[in-house]
Each structure stands twice: as C-alpha cells, then as structure tokens.
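Below is one structure, written out as structure tokens; the observations come after it.
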Amino acid sequence: MRFPKRFTLLASSALVAGGIGFFSFKTDDRFFEIARNLDIYATLFKELNLYYVDEINPNRMVKTSIDGMLKALDPYTNFFAEDEIEDYMTMTTGRYNGIGALIGQRQGKSIVLMVYEGTPAEKSGLQIGDEVIKIDGVDIKTRKEADPGKLLKGQNNTAVKLTVQRYGEKNPVELSVIRDVVKMTNVPYYGMVSEDVGYIDLKDFTATASREVRTAFQELKGKGMKKLILDVRENPGGLLNMAIDICNTFIPKDSEVVTTKGKVTEWNKTYTALNPPLDLEMPIIVLTNNHSASAAEIVSGVIQDYDRGVLIGQRTYGKGLVQTTRELSFNTKLKITTAKYYIPSGRCIQAIDYSHRNPDGSVGKIPDSLKTAFKTKAGRVVYDGGGVLPDVVIEAQTPTPIALSLTNKGLIFDYAVKYRHEHPSIKPAREFHLTDAEYADFAKWVADKEYDYTTQVEKDLGTLEASAKKEKYFDQIQDQLKSLKTKMSHSKDADLNTFKPEIRTLLEQEIAGHYYLQRGLKEASFATDPEMKAALDLFKDMGRYSTILKSK
Numbered sequence: 001m002r003f004p005k006r007f008t009l010l011a012s013s014a015l016v017a018g019g020i021g022f023f024s025f026k027t028d029d030r031f032f033e034i035a036r037n038l039d040i041y042a043t044l045f046k047e048l049n050l051y052y053v054d055e056i057n058p059n060r061m062v063k064t065s066i067d068g069m070l071k072a073l074d075p076y077t078n079f080f081a082e083d084e085i086e087d088y089m090t091m092t093t094g095r096y097n098g099i100g101a102l103i104g105q106r107q108g109k110s111i112v113l114m115v116y117e118g119t120p121a122e123k124s125g126l127q128i129g130d131e132v133i134k135i136d137g138v139d140i141k142t143r144k145e146a147d148p149g150k151l152l153k154g155q156n157n158t159a160v161k162l163t164v165q166r167y168g169e170k171n172p173v174e175l176s177v178i179r180d181v182v183k184m185t186n187v188p189y190y191g192m193v194s195e196d197v198g199y200i201d202l203k204d205f206t207a208t209a210s211r212e213v214r215t216a217f218q219e220l221k222g223k224g225m226k227k228l229i230l231d232v233r234e235n236p237g238g239l240l241n242m243a244i245d246i247c248n249t250f251i252p253k254d255s256e257v258v259t260t261k262g263k264v265t266e267w268n269k270t271y272t273a274l275n276p277p278l279d280l281e282m283p284i285i286v287l288t289n290n291h292s293a294s295a296a297e298i299v300s301g302v303i304q305d306y307d308r309g310v311l312i313g314q315r316t317y318g319k320g321l322v323q324t325t326r327e328l329s330f331n332t333k334l335k336i337t338t339a340k341y342y343i344p345s346g347r348c349i350q351a352i353d354y355s356h357r358n359p360d361g362s363v364g365k366i367p368d369s370l371k372t373a374f375k376t377k378a379g380r381v382v383y384d385g386g387g388v389l390p391d392v393v394i395e396a397q398t399p400t401p402i403a404l405s406l407t408n409k410g411l412i413f414d415y416a417v418k419y420r421h422e423h424p425s426i427k428p429a430r431e432f433h434l435t436d437a438e439y440a441d442f443a444k445w446v447a448d449k450e451y452d453y454t455t456q457v458e459k460d461l462g463t464l465e466a467s468a469k470k471e472k473y474f475d476q477i478q479d480q481l482k483s484l485k486t487k488m489s490h491s492k493d494a495d496l497n498t499f500k501p502e503i504r505t506l507l508e509q510e511i512a513g514h515y516y517l518q519r520g521l522k523e524a525s526f527a528t529d530p531e532m533k534a535a536l537d538l539f540k541d542m543g544r545y546s547t548i549l550k551s552k
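If you want it as structure tokens, here you go:
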C-alpha cells in the first residue's frame, strides 16, 4: 500500500525515537551536504581557472585536492590517476616491463643500487654502483625532469641503450638492454640454514606469493628440512587472498583464517582455509619486527592463534585494516579502506585510531586500558589493538651514530663499489669476512670523507648546558661541563675502532650484495642476525619450544 508523501514524512518523524527516521534524516542530510560542497568546489575551480594570474594545471590541481582530502582519513586510502595505473599494477602484481634494476639518487647522480637476479639488467652486465648518465640518448644529468625509472620501462623485446660511468673506468660504458617482463619475487631468498632448518624470506604479498612460498617449502622439505623459519620482517603486506592461502599451507582445511567487518554488511565475510595443507606438524618459527604489517600480521597472528608456531622478534606494526580497489571514471582508481579484519582468536590488531583525531590533526595509538584479552587455541592470552606481540621478544638493535652516518652518507656503499672493482671474486657470502688489514684499508680510505655525527652523550650534554643557562646554574658548572665535553667529544678514528664489529658487519653484507645480489645480502647477515640466532637456539631446545606453545 502506498502512502501519500506527507504521511510518509510524518511517519518517519514518529519513528525518530526508534532510530529509523533519524537514520533517514541523517542520510538525506549527508547527501545534501555532499551535493552542496561539490557545487562549491566546482564553482571555486571555475573561478580559479578564469581569473588566477597564472595558468593552472587542472590534472595537478585536482590530484592535489583529492590527496589532501584523503589525507584526513588514513594512509591506506589512495587515489590513482590514469598515469599512475602502471605503478598500481606493479604494486599488486609485482610485474612490470623493464630491465630489473633499482636506480636511486645520490648527491645529484642516478646510481644503480641493486640489480635483480635473472633480469635483463643482470644479463647485460649492468653493475651495482654504475652511474647512469644517458638513457636512449637522453642526458639525465642535465634533464632534471627526466625520470630514469620511467625511461627504463617500455614494451617487451625493445632495446634501451644505457650510458653509464663505472668505477675505475676512464670512459663511459655503453650497454644495450632488451626489456622484458620483470617479476619482483615475494620470496627473494630461501635455503637451508642448518642441517635440518629451512628458511623462507617472505617480503611481499603480490599475486604469486602463495605459490612462491609453497614451492620454496616443498623444495626445502626435499632437501631434508625438518623445521622452518618464516621471515616476515620488513614485509608491508599486500593481497588478502595471498595471506589466506599462505596460512592454509600450515593449518587444516576449513579452519577460520580471518573475518572482515565494515560499513557495507554484505561485504562482511569469514575466510577459511580452502585447500589441504602442506604440513600440520613441522615446527615453525616466524620472525617479525615493527615493519611487519597487514597481510604479514595476518600470517603471524594466525600462526600464533592456532599455536602452530612460535613468533620471535618485535611487536608488529598494527595494521588491521582492509582495502578494496574501486574503479572510477577515466581509468582512475580508488584504493579505499572498507573494513577491519579479525584473526581467529577474535582480536583486531589495528594499533592506530584514525577515526578520532587530535585537534592538530594527529592520531594516537589505542591506549592499553582499552585493549581486550583474547585466547589462542591452547588458551594462551593475547591482546588486540597493538599489533602482534611475539612469544619471544628480541630488543630491536639501534645502530650507533657512526654506523648510521657511514650508511646514510653512502660510504659503506661506495667502499663496496671500490672493493668490487679491486677484487674479481670473493668467497661465498656465508663465508666472506674482511681481514683486519682490509678493515684498516677502509678506515684509511674513509679518513678524509665527510660523515660527522653527534653521539647521544653529546646531545645530552648540550641539553644539560641549555637547561643550566636557562635556570641560571651555568656559571657554577661551566668548568665541569667543559671538562665533560672534552672527555666525551667523539673521535671518528677511535669510534672506527670501538665499533669495528658493527661497521665490519655492514661492510661485509654490502660487499656480498655487490657480488651475489639479494642472495648475498641475506646470506651474509645470518651470522650476526639476533632474531635468526634466537630462532636457531630455540630449535635446539624443542622442550622450550613446546612449553612456549602451551597454555599459560
């Protein structure tokens, strides 16, 4: 039965107390506000276009305004303009048409920072440390607007000509590289780290992540793997379905993996393991840190919630949000946060409350007082609202000021380039070590380089001096402060000796990477990696491993 419009409005008003009329009014009001503000925006843009003193770029202006609007929400809701779609596809698929090299800016120069294994760049002879001068005749040193990354991309089977300046060469080197589909692997490294312990380094969750993990697992099992270390440190996450499939590798079919809940109730869904697992018994250790986020946290959290393995490292980032890609007009896209996810224990690990901003626009973490306790399958207590806390916490290493300065100034990298030129080959990455004489050569080489720094003690003394002056005590303690400053003032030569183990480790890893690429970087780190050491030690004490997984 249809009612007259006036009767409908009165009925709605009568239902305000029950919430139905209130919702209707609020929805209509919101739509009116949207339409009103869109009209204001269009009118403003028209006036700018007509009367602003200089010509404006409509694409850039709209992109800037959209980015500003989305910035008020969360960091994961993003707009992709038409000319950014290729970057978006690379992000989700891990594939692009190019040469397979990472080019970065160093002191105004375009330097090859990494060459990926098996790519056209490696096959052509391009080396880490090469300075790219020209791309297809375009001088990128003088053409500041030229983007090396975009110039190197192109259609498959087309040649791109590079002119590079190589360390130790007087004249530039000419290279011709045939572009191809470059696949950035989710598992850049896997191998046996002891007689019975396998290691899988999972760095991303693009469309082939699950297949890569399964392939690595099966190969390692064929080599005698009885225990697994799964490393998701520095993994920012990615596709939800890949996280679900990887969890499915280690938990029974039909087990709950993750539940999503958002505004659109039809999209709320519980995802389960759809396939038979590869293994339900093998002991697993997952390595995490505070850059393990999103899909990496789902895998870590599911392994923990089912007591399927032990987590070692630092608390994860705390991103419990799900993004969905929506198609917009003119081949543009919106990646929008549509839901929160909940892992099997029922907890959401989202650590930052973007919905309640401070007056200055900043956001804060969810306070401990609002966190809720949940339980794993075995009854162990875990908490929501703060990432995933590992079962065995290893304090994150803080680099010393001298090591940080040497790295940030590019001197560790530059010495590795020099070393690679002077030594045609080195031992395998796991066996490679600098001799004392070689370290002394580095100390001599770096002596005239600019890499000064301020130690924490020097900063604290500066703060103390400022406070003393402010509170009128400086005259009384200035002699003592001067004496302390003299004693505590750092000497770069002395620090090179004091922090020799740390600096030598950085050099060895960088040098190994120049010879053996990503594999070299990883294998050279094993001997000094504290989380790796803790994992191997725990695997030697399976009684302790089992105790950790029991109910507390």
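In this text, residue positions in the sequence shown follow the UniProt record's numbering: the first is 1, and each later residue adds one. The C-beta atom is built at its ideal place from N, Cα and C for all residues, glycine as well. It should be emphasised that the depicted structure is a prediction, and the values quoted were computed from it without experimental measurement.
Using only CA atoms, which one of the options lies nearest to residue i?
i: Leu274; options: Glu234, Ile111, Glu256 and Leu287; result: Glu256
i: Thr376; options: Ile548, Tyr88 and Thr90; result: Ile548
i: Ala378; options: Ile111, Arg95, Ser551 and Ile128; result: Ser551
i: Phe442; options: Leu481, Lys335, Val197 and Leu496; result: Leu496
i: Ile349; options: Lys333, Pro75, Leu370 and Gln127; result: Leu370
i: Asp452; options: Gln478, Lys409 and Ser425; result: Lys409
i: residue 556; options: Ile66, Asp74, Gln127 and Ala101; result: Because residue 556 is not part of the residues shown, which for the chain are 1 to 552, the question remains open.
i: Lys427; options: Ala524, Asp368 and Thr407; result: Ala524
i: Asn290; options: Asn171, Ala440, Asn78 and Gly237; result: Gly237
i: Gly100; options: Lys227, Asp180 and Lys261; result: Asp180
i: Glu117; options: Thr90, Asn156, Tyr189 and Asn49; result: Tyr189
i: Arg519; options: Lys134, Leu48, Arg430 and Asp493; result: Arg430
i: Asp391; options: Ser65, Phe80, Ile284 and Glu266; result: Ile284
i: Gly125; options: Arg166, Tyr96 and Tyr88; result: Arg166
i: Thr272; options: Lys253, Glu266 and Lys261; result: Lys253
i: residue 567; options: Tyr199, Ser65, Leu321 and Val322; result: Residue 567 cannot be examined here, being either before or after the span of the chain that is shown, 1 to 552.
i: Asp537; options: Val310, Lys269 and Asp368; result: Val310
Do residue j and residue i have their beta-carbon atoms positioned less than 8 Å apart in this structure?
i: residue 559; j: Arg308; result: Shown here, the chain extends from 1 to 552; a query on residue 559 therefore has no answer.
i: Val160; j: Gly168; result: no
i: Ile56; j: Asn331; result: no
i: Tyr317; j: Val258; result: no
i: Val164; j: Val177; result: no
i: Tyr76; j: Thr337; result: yes
i: Val132; j: Val112; result: yes
i: Arg233; j: Leu287; result: yes
i: Ala293; j: Ala243; result: no
i: Ile412; j: Leu406; result: yes
i: residue 554; j: Tyr88; result: This structure does not reach residue 554, given that the chain is present from 1 up to 552, and the question cannot be answered.
i: Thr92; j: Leu240; result: no
i: Gly262; j: Ala339; result: yes
Can you tell me whether residue i is buried or exposed, with buried defined as 16 or more other CB within 10 angstroms of its CB?
i: Lys522; result: buried
i: Ala534; result: buried
i: Tyr41; result: exposed
i: Pro4; result: With a pLDDT of only 38 at Pro4, under the threshold of 50, the placement of this residue in the model should not be trusted; the figure read from the coordinates follows. Exposed.
i: Val53; result: exposed
i: Ala466; result: exposed
i: Ile34; result: exposed
i: Ser345; result: buried
i: Tyr51; result: exposed
i: Leu315; result: This sequence places Arg at residue 315; Leu is not what is there. Per the 10 Å Cβ criterion, buried.
i: Gly225; result: Note that residue 225 is Met in the sequence shown here, rather than Gly. It counts as buried.
i: Val193; result: buried
i: Val264; result: exposed
i: Thr249; result: buried
i: Ile482; result: One point to set straight first is that residue 482 is Lys, not Ile, in the sequence displayed. With fewer than 16 other Cβ atoms within 10 Å, it is exposed.
Kindly indicate if chain B contains any beta-carbon less than 8 Å away from that of residue i.
i: Thr407; result: In summary, chain B is missing from the structure at hand, where a single protein chain is found.
Three or more C-beta pairs closer than 8 Å, one from the stretch 215-228 and one from the stretch 296-305: is that the case here? Three or more Cβ pairs closer than 8 Å define a contact, and the stretch 215-228 falls short of that threshold against the stretch 296-305.
Touch test, the stretch 505-521 against the stretch 460-469, Cβ-Cβ under 8 Å, three pairs minimum: Verdict: no, contact absent.
Would the stretch 395-405 count as touching the stretch 99-118 if we require 3 or more Cβ pairs under 8 Å? Touching, no.
Under 8 Å: do the stretch 177-189 and the stretch 199-212 share three or more Cβ pairs, one atom per stretch? Yes: at least three Cβ pairs fall under 8 Å.
Quick check: the stretch 378-388 against the stretch 410-424, are at least 3 beta-carbon pairs closer than 8 Å? Using a Cβ-Cβ distance cut-off of 8 Å, the stretch 410-424 and the stretch 378-388 are not in contact, since fewer than three pairs of beta carbons, one from each stretch, lie closer than that value.
Given 8 Å, three or more beta-carbon pairs between the stretch 142-160 and the stretch 61-70: They do not touch, by the three-pair rule.
Going along the chain, which unbroken runs of the beta strand (DSSP E) with 3 or more residues stay wholly within the stretch 293-319? Segments of the beta strand (DSSP E) lying fully in the stretch 293-319: 310-313.
Using 8 Å as the Cβ pair cut-off and three pairs as the minimum, do the stretch 265-280 and the stretch 352-369 touch? Counting Cβ pairs under 8 Å, fewer than three are found: no touch.
Can you confirm whether the stretch 499-507 touches the stretch 472-481 when touching is taken to mean that 3 or more C-beta pairs between the two stretches lie within less than 8 Å? No, they do not touch.
Between the stretch 119-132 and the stretch 206-215, are three or more C-beta pairs nearer than 8 Å? The answer is no - the stretch 206-215 does not touch the stretch 119-132, with fewer than three Cβ pairs under 8 Å.
Which runs of the beta strand (DSSP E) spanning at least 3 residues fall entirely within the UniProt domain "PDZ" (88-153), listed in chain order? For the UniProt domain "PDZ" (88-153), whole beta strand (DSSP E) runs of length 3 or above, ordered along the chain, are 95-98, 101-106, 109-115 and 131-135.
Determine, using beta-carbon pairs with one atom in the stretch 363-374 and one in the stretch 342-353, whether at least three such pairs fall under 8 Å. Here the stretch 363-374 lies against the stretch 342-353, with 3 or more beta-carbon pairs under 8 Å apart.
What alpha helix (DSSP H) runs, 4 residues minimum, are completely inside the stretch 360-409? Complete alpha helix (DSSP H) runs here, min 4: 401-408.
Contained beta strand (DSSP E) runs [length at least 3] in the stretch 148-202, N- to C-terminal order: Listed in chain order, they are 159-165, 173-178, 180-183, 189-192 and 197-201.
Segments of 4+ residues assigned as alpha helix (DSSP H) that fall wholly inside the stretch 212-275: The stretch 212-275 is shown to contain whole alpha helix (DSSP H) runs of 4 or more residues at 240-248, in chain order.
Completely contained beta strand (DSSP E) runs for the stretch 330-356, where each covers 3 or more residues: Listed in chain order, the complete beta strand (DSSP E) runs (minimum 3 residues) inside the stretch 330-356 are 333-342.
Inside the stretch 439-475 only - alpha helix (DSSP H) runs reaching at least 4 residues: If we require 4 residues or more, the alpha helix (DSSP H) runs fully inside the stretch 439-475 come out as 456-470.
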